[in-house]
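Note that the working numbering has the sequence shown beginning at 1, numbered continuously upward. Glycine included, C-beta positions come from ideal geometry on N, C-alpha and C.
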Amino acid sequence: AATAAPPVASAAVPATASEPTATRSAGRPVSYFNEGYPGRNSQGFAWCGAWAVRHLRPEVALTQTWSQNEPWTHDMAGLSFARAITLADLVRRPGGVPVLLTAAPVFADRPDAEVHRRRNVDLVRGAARQGMPILDLDALWGTGSVPNGYRPEFGVGDGMHPSNEGCHAAAL
Numbered sequence: 001a002a003t004a005a006p007p008v009a010s011a012a013v014p015a016t017a018s019e020p021t022a023t024r025s026a027g028r029p030v031s032y033f034n035e036g037y038p039g040r041n042s043q044g045f046a047w048c049g050a051w052a053v054r055h056l057r058p059e060v061a062l063t064q065t066w067s068q069n070e071p072w073t074h075d076m077a078g079l080s081f082a083r084a085i086t087l088a089d090l091v092r093r094p095g096g097v098p099v100l101l102t103a104a105p106v107f108a109d110r111p112d113a114e115v116h117r118r119r120n121v122d123l124v125r126g127a128a129r130q131g132m133p134i135l136d137l138d139a140l141w142g143t144g145s146v147p148n149g150y151r152p153e154f155g156v157g158d159g160m161h162p163s164n165e166g167c168h169a170a171a172l
C-alpha cells in the first residue's frame, strides 16, 4: 500500500508567495550545475561545479545532490551528498548562497533503488533542519507514495525527467 510522505518546509521555498527568499531576488543571479550529461557522475559534477564557482562566483547556486549516472547504493547516497556539501561550502566562501536539491522522484518502479534515493532525500532534509536552503523536488514533483514517482503533470512520462510544467513549478 502506498503511503504519503509528509510535506517538508524548505528555506528556499517560501510558505507564501509574498515571503522573500534567497533565490527570488532580481539582483542575485542563479547558476545551476547540472550533472545530467551522459556519463557524468557526482565526482565529475563536483569538479565542474567547483571550477564554475571559483571562476563565475555565483551569488546563488542550485546544487543537485546525486547523479543519475552512478550506482544507487547506500554508500553512494552519502558520498554524493558529501560532494554536494563540499560544493556548497565553496559557494559560501565568497558570499554566495548554496541551495541543495533533493533527488527527484525517479524510482516509482524500482523499490530496491528507492530506499537509497530516500536516504539521499533524508540527508538533504536534515541539512534543511540545520539551516541549509533546499529545493525539495521530491515533495514538489512527487506523488507522495512509497516508492515515490512523478505527479503526471510534472513528469514527461519516462519516470526520470521533469516536464516543462515541473520545471516551471520549481522555478517559482
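Can you name the start and end residues of the beta strand (DSSP E) that Thr63 belongs to? Start at 1 with the first residue of the sequence shown, and residue 63 comes out as number 63. Taken as a continuous stretch (DSSP letters only), the beta strand (DSSP E) holding Thr63 covers 60-64.
If you follow the beta strand (DSSP E) that Leu101 is in, where does it begin and where does it stop? Within the sequence shown, the letter at position 101 stands for residue 101. Counting along the chain, the beta strand (DSSP E) containing Leu101 begins and ends at 97-101.
Val53 burial status per 10 Å Cβ neighbour count (16 or more: buried): Position 53 of the sequence shown, counting from 1, holds the residue named residue 53. The residue in question, Val53, is buried, as its Cβ has 16 or more Cβ neighbours within 10 Å.
From this set, Ser42, Trp66, Glu153, Arg57, which residue's C-alpha is nearest Thr102's C-alpha? In the sequence shown, counting from the first residue as 1, residue 102 sits at position 102. Nearest C-alpha to Thr102: Trp66.
Mapping the DSSP letters down to three states, classify Pro162 as helix, strand or coil. The count along the sequence shown starts at 1 and reaches residue 162 at position 162. Looking at Pro162 - three-state DSSP - the assignment turns out to be strand.
Report all residues from its chain with a CB closer than 6 Å to the CB of Pro147; omit the five preceding and five following residues, and keep chain order. Stepping through the sequence shown from its first residue, residue 147 is reached at position 147. Hits under 6 Å: Phe107, Ala108, Pro111, Glu114.
For Gly155, does the count of other Cβ atoms within 10 angstroms reach 16, so buried, or fall short, so exposed? Position 155 of the sequence shown, counted from the first residue, corresponds to residue 155. Buried.
Hey, how far is the Cα of Ala171 from the Cα of Pro98? As a first step, residue 171 must be located in the sequence shown, where it is residue number 171. As a first step, residue 98 must be located in the sequence shown, where it is residue number 98. Rounded to the nearest angstrom, the two C-alpha atoms are 15 Å apart.
Using a Cβ-Cβ cut-off of 6 Å (strictly less than) and excluding sequence neighbours within five positions of Val91, which residues of its own chain qualify? Locating residue 91 in the sequence shown gives position 91, counting from the first residue. Excluding sequence neighbours, Val91 sits near Val53, Ala61, Pro98.
Name the residue from Met160, Asp138, Thr143, Arg57 whose alpha carbon lies nearest to the alpha carbon of Asn69. Translated into positions along the sequence shown, residue 69 becomes position 69. Comparing Cα-Cα distances from Asn69 to each of Met160, Asp138, Thr143, Arg57, the minimum goes to Met160.
Return the chain-ordered ranges of every alpha helix (DSSP H) run that is complete within the region 61-145 and spans a minimum of 4 residues. 74-92, 111-129, 137-141
The region 75-88 in contact with the region 40-49 per 3-pair CB rule at 8 Å: yes
What span of residues does the alpha helix (DSSP H) with Leu172 cover, start to end? In the sequence shown, residue 172 corresponds to position 172, counting from 1. Per DSSP, Leu172 belongs to no alpha helix (DSSP H) and is neither H nor E.
Beta-carbon proximity of Trp141 to Arg151, cut-off 9 Å: Reading the sequence shown from its first residue, position 141 is the one you call residue 141. Reading the sequence shown from its first residue, position 151 is the one you call residue 151. In contact: Trp141 and Arg151 (Cβ atoms closer than 9 Å).
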